[in-house]
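In the numbering used here, the protein residues as written are 2 to 299. By construction, the Cβ of each residue, glycine as well, lies at the ideal position given by its N, Cα and C atoms. Just below is one structure, and these are the notes that go with it.
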Amino acid sequence: MALTLKSITETTTEQDLQTKLAIAAAFVRKHTIASIYHAGSGHPGGALSSADILACLFGAELNFWPSAIDDPARDRFVLSKGHAAPALYAVAAHYGFCDAKAALRLRKLNSPFQGHPHVLDLPWVETSTGSLGQGFSVALGMAMGLKLQNIPARVYTLLGDGELQEGEVWEAAMCAAHHGLDNLCVIIDYNKLQSDNRNAAIMRLEPLAAKWRAFDWGIAEIDGHDIPEILSTLRRAGVTQGRPSVIIAHTVKGKGVKYMENVPAWHGSVKLTREQAEEALQSLGAGRGEIKDLLDGC
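Pasting the structure below:
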């Protein structure tokens, strides 16, 4: 149980750290587009909206890195919104948990990088996810188990806002507050769209902050694409005592790709043509050589 903080947080200035995290988020977005192009299917919208959050978690917050995947004192991360798996694979590749080129083999036969994360295929995945709301419940159990064993590790889980339409989420929220699980942090990727329409048109979530407050959670609302704000909020959540924390991160579905932004049809599962993939990568700042490497290198 002698884990030390990630070296990236100890050897860089705050500005350098933010620059590295922005680079990581850009990598996640470009890798996500490329892997979905190669797969011929996938969920780009929610993967792109969560890229900045994932970059901050893996690059600066989690005490979890490739040499510590079996250490009982590691922090745990659960991607409850399992359909955003391409972004998880990309951030893991960026931080050395897996090979970046291998992670482009999304949804391929015999590839471990399936459409939803699978705990038996990838040793750094804490649990399989995909069924809406269930990842949160597993994260809750992990946090409670760590408390019972007096292990000072934390558990983070990223939820899609559509998951909040599941009753299981609110049972878990009630349970976590009742047991004072201050080692649990929920981040909501609040892009306000789901597969068919806006959340508000299908099952509205507002007043969202008031609901979590009523369940006695510590609450913060942030811009989910503002890296300094994400970092500072995660740090505050890390020292909250006596109750769990929820971060409502306002995001844009399809963030960074103009023709995808705020368009429900790009939730998934969609097929990207070569032209669409090239346009998306250009929109994300990739040059001609990088585009060729990403789209022809798998």
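query                                                                                                                   : result
Limits of the unbroken beta strand (DSSP E) element including residue 246                                               : 246-251
Residue 197 and residue 162 closer than 8 Å at C-beta                                                                   : no
At least three beta-carbon pairs within less than 8 Å, the stretch 81-96 to the stretch 275-292                         : no
Ranges of the beta strand (DSSP E) found wholly within the stretch 147-235, counting only runs of at least 3            : 156-161, 185-191, 219-224
Helix, strand or coil at residue 92 according to DSSP, with G and I counted as helix                                    : helix
Between the CA atoms of residue 296 and residue 281 - distance to the nearest angstrom                                  : 12 Å
Start and end residues, alpha helix (DSSP H) containing residue 80                                                      : It is not in any alpha helix (DSSP H) - residue 80 instead sits in the beta strand (DSSP E) that spans 77-80.
Any non-hydrogen atom of the ligand HEM within 7 Å of residue 159 CB                                                    : The ligand HEM is absent from the structure shown, which contains no ligands of any kind.
Pair within 8 Å by beta-carbon distance, residue 245 and residue 219                                                    : yes
Residue burial classification, residue 16 (beta-carbon count within 10 angstroms, cutoff 16)                            : exposed
Residues near residue 133 in its chain [Cβ-Cβ closer than 6 Å; skip 5 each side]                                        : 164, 167
Beta-carbon proximity of residue 49 to residue 272, cut-off 8 Å                                                         : no
Buried versus exposed call for residue 290 [16 or more other C-beta atoms within 10 Å across all chains shown]          : exposed
Alpha carbon of residue 53 to alpha carbon of residue 21, nearest angstrom                                              : 11 Å
Cβ-Cβ distance between residue 46 and residue 37 below 8 Å                                                              : no
Proximity below 8 Å, CB of residue 91 to CB of residue 29                                                               : yes
Beta carbon of residue 249 nearer than 8 Å to that of residue 211                                                       : no
Host alpha helix (DSSP H) of residue 28 (start-end)                                                                     : 15-40
Given 8 Å, three or more beta-carbon pairs between the stretch 57-68 and the stretch 144-162                            : yes
Distance, residue 201 Cα to residue 105 Cα                                                                              : 34 Å
For residue 301, three-class secondary structure by DSSP                                                                : This structure does not reach residue 301, given that the chain is present from 2 up to 299, and the question cannot be answered.
Selected residue, minimal CA-CA separation from residue 111, among 122, 117, 118                                        : 122
C-alpha distance - residue 262 paired with residue 69, whole-angstrom precision                                         : 36 Å
Terminal residues of the alpha helix (DSSP H) in which residue 289 lies                                                 : 289-297
Contact check, residue 118 vs residue 80, beta carbons under 8 Å                                                        : yes
Beta-carbon proximity list for residue 206, same chain, < 7 Å, skipping 5 on both sides                                 : 162, 165, 200
Local Cβ density within 10 Å of residue 260, reported as buried at 16 or more and exposed below that                    : exposed
Nearest neighbour of residue 223, chosen from 216, 243, 192 [CA to CA]                                                  : 192
Close-in-space but distant-in-sequence residues of the same chain around residue 230 (CB under 6 Å, 5 per side omitted) : 223, 224
Nearest-angstrom Cα separation, counted from residue 185 out to residue 176                                             : 12 Å
Collapsed DSSP secondary structure at residue 3 in the structure displayed                                              : Legend: pLDDT at residue 3 = 42, less than 50; position of this residue unreliable, no value from coordinates given.
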